[in-house]
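See below for the structure under consideration.
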Amino acid sequence: MLIQSILYIFINMKKSEIINLIKKQKKNYSLDQAFYTNDEIFELDIKNIFQKQWVFVGHISRIPNSGDYFLFNIGKESIIIIRDFDKNVQALYNVCRHRGSQICLENNGNKKLLVCPYHAWSYNLDGSIKSARLMSDNFEKEKWSLHRCNVKIFEGLIFINLSDHPNDFNEFIEPTKKFIQFHGLGEAKIAHRQIYPTFGNWKLTLDNFHECYHCQPSHPEYCSVHDSEYIIAYGAGNNTGPSSEKFNKKLDEWNKKVSAMGHVTGQYSEIEFNDYSRSAERTPLKDGNYNETKSGKPTAKLMGNFKKYDRGYTSVGTSPFNSLLMCNDFATLFTFIPKSTLHTEVELMWLVHKDAKEGVDYNLDEIIWMWDVTTLADKRIIEDNQKGVLSNKYTPGPLSLMEIGLEKFKSWYLQQLEISLNI
Amino acid sequence: MLIQSILYIFINMKKSEIINLIKKQKKNYSLDQAFYTNDEIFELDIKNIFQKQWVFVGHISRIPNSGDYFLFNIGKESIIIIRDFDKNVQALYNVCRHRGSQICLENNGNKKLLVCPYHAWSYNLDGSIKSARLMSDNFEKEKWSLHRCNVKIFEGLIFINLSDHPNDFNEFIEPTKKFIQFHGLGEAKIAHRQIYPTFGNWKLTLDNFHECYHCQPSHPEYCSVHDSEYIIAYGAGNNTGPSSEKFNKKLDEWNKKVSAMGHVTGQYSEIEFNDYSRSAERTPLKDGNYNETKSGKPTAKLMGNFKKYDRGYTSVGTSPFNSLLMCNDFATLFTFIPKSTLHTEVELMWLVHKDAKEGVDYNLDEIIWMWDVTTLADKRIIEDNQKGVLSNKYTPGPLSLMEIGLEKFKSWYLQQLEISLNI
Amino acid sequence: MLIQSILYIFINMKKSEIINLIKKQKKNYSLDQAFYTNDEIFELDIKNIFQKQWVFVGHISRIPNSGDYFLFNIGKESIIIIRDFDKNVQALYNVCRHRGSQICLENNGNKKLLVCPYHAWSYNLDGSIKSARLMSDNFEKEKWSLHRCNVKIFEGLIFINLSDHPNDFNEFIEPTKKFIQFHGLGEAKIAHRQIYPTFGNWKLTLDNFHECYHCQPSHPEYCSVHDSEYIIAYGAGNNTGPSSEKFNKKLDEWNKKVSAMGHVTGQYSEIEFNDYSRSAERTPLKDGNYNETKSGKPTAKLMGNFKKYDRGYTSVGTSPFNSLLMCNDFATLFTFIPKSTLHTEVELMWLVHKDAKEGVDYNLDEIIWMWDVTTLADKRIIEDNQKGVLSNKYTPGPLSLMEIGLEKFKSWYLQQLEISLNI
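Chains A, B and C supply the protein sequences, listed in that same order.
According to my numbering, the first sequence holds residues 10 to 432 in order.
According to my numbering, the second sequence holds residues 10 to 432 in order.
According to my numbering, the third sequence holds residues 10 to 432 in order.
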C-alpha cells in the first residue's frame with residue numbers, strides 16, 4: 010500500500026458531527042482515525058489552525074538584495090516573499106488581480122518590477138499596482154493592487170500570517186523573545202536548507218515531534234548527543250515527561266553558572282489555554298558536549314551574545330508549525346507545512362554566524378548530521394504510522410508518561426478547532 | 010504545486026446554487042473561481058455545452074480507404090471514426106453491446122469488420138451487428154447494433170455531435186460556409202498533427218484564445234507576422250477590440266481589390282444569443298506577407314478557389330471548440346477538447362493542398378512554426394493562470410478593452426448553462 | 010484513456026437507491042454500470058461480500074519456521090500471517106495498539122518478537138502484548154493485544170476471514186473437501202508465485218473467470234490443452250454452458266475407470282442460495298494429455314493420493330475470490346483481491362509435491378506456461394472491458410448460453426448485497 014496512491018477519504022460530515030467527534034476524544038489517548046485521514050477535517054485544520062498562526066517561513070539571508078524573492082507555497086496558495094527597494098520584506102499573494110495568473114513562476118529569483126507574464130499588468134515590489142494597459146475609463150487602478158499577506162521580521166526570521174485578522178505579533182513573540190534574541194539569528198546566514206516530504210497527516214507528524222518516547226528505540230544519533238535523563242524529562246520540551254531528580258540537579262547547577270555569565274536561562278510553557286502553543290527552555294547538553302554534533306566539539310563561530318561556550322541548548326517552539334533548536338554555535342530551525350491530508354512537508358534550515366566560513370570555520374556535514382538523519386528516520390516512522398492508522402482496526406491507544414507534550418498539543422488543537430466551529 | 014497533483018475540488022452544489030452563481034457573474038469581469046475549478050460544473054459543461062455542439066474532430070485524409078479508422082476520445086467516451094465500404098464516414102461508440110468491451114484498441118488502424126476482441130461479437134463498418142455466437146433463441150439480433158454518433162462531413166472536415174437531439178447541421182454551418190468553402194479543405198491533406206496537453210480548465214484555455222490582449226507581451230512570433238493594428242482590433246476576431254481607423258482603411262481597400270478578384274470577403278459574428286457561438290472574417294495580412302510563416306513568402310500550393318494570392322487571412326470559429334485559421338496556401342485547424350476539470354487537450358492540424366509535396370512544394374517547419382511556438386506559449390500561460398485561479402485570493406478581475414471576445418464567449422457560456430439548468 | 014488516471018466516480022447514493030438498483034437488474038444481462046464503477050458500491054462490496062468470505066491467501070510452505078511471516082494487504086488493511094513458536098499460524102492486524110503504527114514493514118521475513126518500530130511496544134507471535142514501557146499505573150496491559158483475524162489451515166492452505174462473526178469453517182469447506190484433499194496440497198510447496206495487477210473492477214475480473222465464452226476467441230493456449238466440447242460445457246465449471254452429449258459420454262466412461270482406481274469423481278454446485286458460492290468437479294483432460302502443459306506429458310511428481318495418472322482435472326471454487334485448478338502432478342491456485350473500484354490483484358500460485366526438484370523432476374516454464382499467458386490475456390481483456398463500461402453508452406447486454414456461470418455469480422452477488430443492506 011503506497012500512501013501516495015490513497016487519494017481521498019471523504020466522509021461527508023456535518024459541523025455538528027465534527028463537534029461531537031471532538032467532544033468524544035479521550036484525554037491521554039491518541040486521536041480518532043478521522044482526524045488523521047479525513048479531507049474535510051484537513052480543510053478545517055488549514056482554515057482554523059494553520060492560517061491563524063504566525064509561521065516562520067524563511068530567513069532574511071535568502072533575500073539580501075532589493076528584488077530578491079522566494080515563494081512560500083502552502084496548499085493552493087503561493088506567497089511571494091520579496092525585499093522591496095526600501096529594503097523591507099513584503100509578502101504578496103502570487104495572483105494577478107486581472108485574471109488570476111501567477112506572477113512569479115520560479116521558486117526564487119530577483120525582480121525589479123512584478124510584471125504578470127500573461128497581460129503585462131505590473132506591480133511595484135510593495136504590491137501596489139503600477140500599470141494596466143488599455144483599460145476602460147472607469148477603471149479604478151488603485152483598487153487593484155496585489156493582495157498582501159501579513160508579514161513580520163523578528164531577528165532575521167520571516168513570519169507570515171494568512172489570517173484576515175491576525176493576532177498581535179508582539180503578544181505572540183513575547184514569551185520566547187529572550188530565548189531567540191540571545192542567539193543572534195538576525196546576524197546569521199543559512200548554511201543549509203532541506204525539505205523532507207513526509208506522507209503522513211500533519212498531526213501525526215507533529216505528534217511525533219511532541220514526544221521523545223520514540224527517541225530511544227528510533228533515534229540512536231539523537232540519544233548519542235543528549236543525556237538519557239534529559240531525553241526522558243525534557244526530550245519533547247519542559248513538562249512533557251516524568252521529572253528526573255538527577256537532571257533537575259544538573260540543570261540547577263548549570264543555571265547558576267550560566268546566569269553568572271550573563272546568559273539567558275529558564276523555561277516557558279503555556280499555563281492556560283490561549284491562541285498560541287509556545288514553549289521554550291534552556292538546558293545543559295550532555296556532559297562533555299559543546300553542541301549537537303557527533304564529536305560534540307566546538308564548530309563554526311559563537312553566535313549572538315555568546316562570548317564563550319556555556320554548553321547549553323535552547324529549544325523554542327513558537328507554534329506547532331515551528332521549532333528552533335539552538336546550540337551556541339549553530340541553530341536548526343524547523344517548519345512543518347501541511348500539504349494535503351496525508352502529506353506534510355518538513356523544512357529544515359541550519360543557521361550559522363553570518364561571518365562563519367564553510368570549510369574554514371565549520372564543516373557542513375558535522376552540523377547537519379544529527380537532525381538530518383533523525384528527520385529521515387521520523388519521515389519513515391510517520392509514514393508507517395499513517396499506514397496503520399488507515400486500518401479499520403485502528404482505535405486511539407493509551408499514551409505513556411513520556412507523551413505529555415503530545416497530549417498538550419492534541420488538547421490545544423481540539424480546543425482551537427471546537428472554538429472555531431462554534432463561532 | 011503541480012496542477013496534475015490536485016485531484017479534485019469537489020464542492021457539493023445544488024442546481025439552484027449553481028443558477029445563483031451564474032446570475033452573480035459580472036459583465037466585463039472574469040468568472041468566479043468555481044467555474045474554473047469545480048468538478049460538478051465541469052460535468053455540467055460537458056453535458057450541456059460540449060455534447061450539444063457540432064465539433065470538428067478530424068479530416069477525411071486521415072481515413073482515405075474503407076476500413077481506415079481513428080479514435081476520438083473525450084472524457085470517458087471513445088468514438089470510432091471509420092470509413093465504411095460505401096466510402097461513407099461512420100461515427101460509432103467504441104462499446105460492444107454484449108458486455109461493454111472496447112472494440113478498437115489502437116488509436117488508429119484498418120478494420121474489415123469490427124470484431125470485439127472479448128467474445129467475438131462482430132459488427133459491420135456501419136455499426137450494424139453481424140454475428141453473435143451461441144445466443145438463446147429469443148435473442149433479437151437487430152436490436153444490438155453499435156450505438157451511432159451523429160456525424161457530418163463538410164469540406165473534408167469530420168464533425169460529430171454527441172447529443173441525442175443534435176441541432177441541424179446546415180443551420181449550424183450556414184454562416185461560416187462560404188469562408189470555409191473558398192479554401193478547398195476537401196481537397197486538402199494533413200501535413201502535420203500535434204496534441205498539446207494543457208493543464209488548465211477548458212474555459213481558461215478558451216479565454217486565452219478569445220482575446221489578443223496577451224499577444225503583445227507573450228507572443229513575439231505572432232506579432233511578427235500580424236499587423237499591430239490588426240492585433241488590437243481583430244486579434245481575437247471581428248468586434249473583439251477597440252476599432253482601428255487605420256486598419257479599417259486598409260481593410261476597405263483590400264476588400265475592394267479582392268472582391269474584384271472574385272474572392273470571398275466580409276465578416277460574421279452572432280448578433281443575438283443562440284445555440285451557436287460562431288464567427289468568421291477575412292482580413293489582409295501584414296504588408297509584404299503572403300501567409301503566417303517567418304519569411305512571409307509563398308509556400309506550398311494555392312488551395313481551393315485561389316488562383317493567385319490575395320494575401321488575405323481567413324479566421325473562422327465554428328464553435329468555441331474549433332478554430333480554422335487559413336492562409337491562401339495552408340490552414341491551421343484547432344480542436345479544444347475538455348479532458349477533466351483541470352486538463353484540456355489542444356489539437357492542431359496543419360492542412361495543405363492534397364497535391365503539395367513536402368520538401369518540394371513546402372517546408373513543414375515553416376508552416377507549423379508560428380502556431381506551434383504560440384500554442385506552446387499559451388499552454389504555459391494557461392497553466393500559470395490556472396495555478397493562480399486556485400488561490401483563495403483569486404477573485405474575478407476587470408477585463409480590458411481588448412477582451413471583448415472573451416466577454417462574448419463568457420456571456421454565451423453562462424446563458425447556455427443557465428438555460429440548460431432551467432429545463 | 011488510462012484507467013489509472015480515472016480517480017473516482019462518486020455518485021452519492023442512498024441505501025434505498027442502491028436496493029432499488031439491485032432490484033432493477035435483469036436476469037441473463039450484465040450488470041448496470043454503477044456496479045462496475047461506483048466507489049460507494051465498492052465499499053459495500055468489501056464490507057458485505059469480501060470481508061464475510063473465507064479467503065485462501067497463501068500456502069504454509071511460505072512460512073515453514075517459527076517467526077516466518079508474510080503480509081496480506083487488502084485495501085487499507087494489512088494482515089500479518091505468522092507462524093508462532095507452537096508452529097501454529099496466526100493472523101494479526103498489522104496495527105500497533107499504542108498509536109497505530111504498522112509493526113511489520115517488509116512484505117515477508119522472520120520475527121522472534123513483534124516489536125513496533127515506533128515506541129517498541131512488543132507483542133508475542135500469537136499477538137498477545139508482551140511489554141509497553143513507561144505506562145501509567147492504571148494501564149491494563151492485557152487489554153492491548155493485537156487485533157486477531159480469523160484464520161484456518163486446511164490442507165496447507167491458509168484461509169482468513171475478516172468478519173467479526175465468521176461463518177463456520179467446516180460448514181464452508183465441507184462440499185469441496187474431498188476434491189482438495191485428494192491432491193495432497195498439505196504436502197506441497199510453492200514452485201512459483203506471481204501477481205497480475207488488473208485495472209478493472211473485481212466483478213468484471215470475476216465475470217471473466219466465470220465464463221468460457223471468451224476462451225475460443227481469446228485463449229488459444231487454453232484451447233490447445235482442453236477439449237473443445239469440455240470448454241463449451243464445463244469451461245467455467247459444471248452447469249455453466251450448453252451440455253455436450255459427446256463430452257458427457259466421455260465423462261461417464263472416465264468416471265467409471267477412475268472410480269475403479271479409487272480416485273475421487275463427481276461434481277458439486279450450490280443448489281439453493283446460501284452464504285457461499287462454491288463449485289467443484291473432476292473431469293478428464295483432452296485425449297492424450299496428462300496435465301495442463303504444452304506437451305501434455307507428465308511433469309513433476311504425482312501429488313497426494315495419486316499413485317498413477319488418471320489424466321483428470323480437478324476444478325474447485327471455494328468462493329468467488331479463489332479457484333484451485335489441479336492436475337495430477339501440479340496445481341494452479343488463484344486469489345482475486347479487490348484493491349479499489351477499478352483495480353483488482355490476481356495472484357497465482359503454482360504448487361508441486363514438496364519433494365519435487367526444479368530442473369530434475371519438473372521444468373518450471375512448462376508448469377506455469379498456460380495460466381501465465383492466459384492470465385496476462387485476461388488482464389488485457391478485463392482492462393478493455395472496463396474502459397468500455399465507463400462510457401455513458403454502456404448498458405447491460407444479453408448473456409449467451411455459455412455465460413450461465415457468470416449469471417450464477419451475478420445473481421449470488423446481488424442477493425448477498427441486498428440481504429446485507431436490509432439488515
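All residues carry an ideal CB built from backbone N, CA and C; glycine is no exception.
Note that this is a predicted model, so its numbers are computed, not measured.
- By the 16-neighbour rule on beta-carbons within 10 angstroms, B/Val160 is buried.
- At a cut-off of 8 angstroms, the C-beta of C/Phe79 has no neighbouring C-beta in chain A.
- DSSP places C/Arg389 in the helix class (H, G or I) of the three-state scheme.
- Here the C-alpha atom of C/Glu164 lies approximately 12 angstroms from the C-alpha atom of C/Lys198.
- The C-beta of B/Leu410 comes closer than 8 angstroms to at least one C-beta of chain A.
- B/Tyr285 and B/Phe181 have their C-alpha atoms some 7 angstroms from each other.
- As the crow flies, the alpha-carbon of B/His362 is around 9 angstroms from that of B/Ala200.
- The beta carbon of B/Pro407 sits closer than 8 angstroms to some beta carbon of chain A.
- Only residues of its own chain outside the window of five on either side were considered, and among them Gln425 have a CB closer than 6 angstroms to the CB of A/Ile58, listed in chain order.
- The beta-carbon distance between B/Ile90 and B/Ala100, rounded to whole angstroms, is 5 angstroms. This is short enough to meet the 8 angstroms contact definition.
- Contact between C/Gly118 and C/Tyr78 holds: their C-beta atoms lie close to 6 angstroms from each other, under 8 angstroms.
- DSSP, reduced to helix, strand and coil, places B/Leu101 within a strand of the structure shown.
- It is roughly 8 angstroms from the alpha-carbon of C/Gly297 to the alpha-carbon of C/Lys306.
- Across the structure, C/Pro293 and C/Trp380 are spaced so that their CA atoms are roughly 18 angstroms apart.
- In its chain, beyond the 5 residues on either side, Tyr205, Thr207 have a beta carbon closer than 6 angstroms to the beta carbon of B/Lys388.
- Restricting attention to A/Asn431, A/Asn217, A/Leu357, the CA atom closest to the CA of A/Lys419 is found in A/Asn217.
- Taking the beta carbon of B/Ala129 as reference, the chain C residues within 7 angstroms of it are Pro226, listed in sequence order.
- When the five nearest sequence neighbours on each side are left out, the beta carbons in the same chain lying within less than 6 angstroms of the beta carbon of A/Lys295 are those of His235, Asp236, in order along the chain.
- A Cβ-Cβ contact shorter than 8 angstroms links C/Gln395 with C/Asn210.
- Not one beta carbon of chain B lies nearer than 8 angstroms to the beta carbon of A/Glu52.
- Under the three-pair Cβ rule at 8 angstroms, the segment 239-248 of chain B counts as touching the segment 406-414 of chain B.
- Around B/Ile88, the same chain offers Phe81, Ala100, Cys158 as residues with beta carbons nearer than 6 angstroms, after the five sequence neighbours per side are excluded.
- Contacts with chain C at 8 angstroms (Cβ-Cβ) include A/Leu399.
- For the segment 373-401 of chain A, the set of positions with a beta-carbon nearer than 8 angstroms to some beta-carbon of chain C reads Ile390, Asp393, Asn394, Lys396, Gly397, Val398, Leu399, Ser400, Asn401 in chain order.
- Selection C/Phe178, C/Gly195, C/Asn37, C/Leu53 evaluated against C/Thr327 yields C/Phe178 as nearest (Cα-Cα).
- A Cβ-Cβ contact shorter than 8 angstroms links A/His107 with B/Gly406.
- DSSP places C/Gly414 in the uninterrupted alpha helix (DSSP H) bounded by 413-431.
- Rounded to whole angstroms, the separation of the alpha carbons of B/Ile241 and B/Ser252 is 8 angstroms.
- Spanning the alpha carbons of A/Lys32 and C/His68 requires a straight line of approximately 46 angstroms.
- In the three-state scheme derived from DSSP, where H, G and I count as helix and E and B as strand, C/Asn159 is classed as strand.
- For A/Gln111, at least one C-beta of chain B is nearer than 8 angstroms to its own C-beta.
- For A/His156, the CB contacts under 6 angstroms within the same chain, skipping 5 residues up- and downstream, are Tyr102 in chain order.
- For A/Tyr371, the closest C-alpha among the options A/Ile27, A/Arg71, A/Pro347, A/Phe339 is that of A/Phe339.
- Of A/Glu26, A/Phe330, A/Glu49, the smallest CA-CA separation from A/Ile83 is found for A/Phe330.
- Under the three-state reduction of DSSP output, C/Gly313 falls in the coil class, being neither helix nor strand.
- At a cut-off of 8 angstroms between C-beta atoms, A/Cys105 counts as an interface residue with respect to chain B.
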